[in-house]
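J.: The structure is given below, and queries will be raised subsequently.
So this is what it looks like as structure tokens:
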């Protein structure tokens, strides 16, 4: 990724997203394009060893499994519609959400976590 932040459009609204890996947590940050004071950090925390990080999750819903990478637009595109519906973005507020709990609220079952090597 050449730029630190990326833009994604969901339901006609633009958002800025970026990610970070810190110890046992892979974080996906989301912010409406027009309001940089409103941010949400979706944290995926799991025990990691030997320089590994949480790269993706294996999700199951309605009998179908899929692998979604945390550090790619697919994850932002998956959770943003739910956050929009919940009206989660608030001006001048940073909200931290547990990513695994969020996916469960969205009726996904997390059946696996895939690790990647932190360069």
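In this note's numbering, the protein residues as written are 3 to 121.
By construction, the Cβ of each residue, glycine as well, lies at the ideal position given by its N, Cα and C atoms.
#1: What separation, rounded to the nearest whole angstrom, lies between the Cα atoms of residue 3 and residue 64?
#2: Which two residues bound the contiguous beta strand (DSSP E) that contains residue 15?
#3: Using only CA atoms, which one of 118, 7, 34 and 61 lies nearest to residue 105?
#4: Report yes if the CB atom of residue 43 is closer than 9 Å to the CB atom of residue 96, and no otherwise.
#5: Between the alpha carbons of residue 12 and residue 54, how many angstroms are there, rounded?
#6: Expressed to the nearest angstrom, what Euclidean distance is found between the alpha-carbon atoms of residue 38 and residue 74?
#7: For residue 15, collect the residues of the same chain with a Cβ closer than 6 Å to its Cβ; drop the 5 residues on either side in sequence, then sort them by chain order.
#8: Between 102, 7, 109 and 66, which lies nearest to residue 32 when the distance is taken from Cα to Cα?
#9: If contacts are defined as beta-carbon pairs under 8 Å, then residue 107 and residue 56 qualify, I think. What distance do you get, rounded to the angstrom?
#10: Rounded C-beta distance between residue 79 and residue 10? I'm assuming under 8 Å.
T.: A quick look at the data gives this:
#1: For the purposes of this step, residue 3 is taken as the residue at position 1 of the chain shown. For the purposes of this step, residue 64 is taken as the residue at position 62 of the chain shown. Confidence in residue 3 is poor, its pLDDT being 47 and thus under 50, which makes the residue's placement unreliable; the coordinate value appears in the next sentence. C-alpha separation (whole angstroms): 33 Å.
#2: Against the chain shown, residue 15 aligns to sequence position 13. Per DSSP, residue 15 belongs to the beta strand (DSSP E) from 15-24.
#3: Locating residue 105 in the chain shown gives position 103, where the first residue counts as 1. The shortest CA-to-CA distance from residue 105 to any of 118, 7, 34 and 61 is the one to 61.
#4: Residue mapping note: residue 43 aligns to position 41 of the chain shown, counting from 1. Residue mapping note: residue 96 aligns to position 94 of the chain shown, counting from 1. Cβ distance < 9 Å, so residue 43 and residue 96 count as in contact.
#5: As a position in the chain shown, residue 12 is number 10, starting the count at 1. As a position in the chain shown, residue 54 is number 52, starting the count at 1. For the pair residue 12 and residue 54, the Cα-to-Cα distance works out to about 31 Å.
#6: Locating residue 38 in the chain shown gives position 36, where the first residue counts as 1. Locating residue 74 in the chain shown gives position 72, where the first residue counts as 1. Cα to Cα, residue 38 sits roughly 20 Å from residue 74.
#7: Locating residue 15 in the chain shown gives position 13, counting from the first residue. So no residue of the chain qualifies.
#8: In the chain shown, the residue the question calls residue 32 occupies position 30. The shortest C-alpha separation from residue 32 is found at 7.
#9: Here residue 107 corresponds to residue number 105 of the chain shown, with the count starting at 1. Here residue 56 corresponds to residue number 54 of the chain shown, with the count starting at 1. About 19 Å separates the two Cβ atoms, so there is no contact after all.
#10: The sequence position of residue 79 within the chain shown is 77, counting from 1. The sequence position of residue 10 within the chain shown is 8, counting from 1. Yes, residue 79 and residue 10 are in contact; Cβ-Cβ is about 6 Å, under 8 Å.
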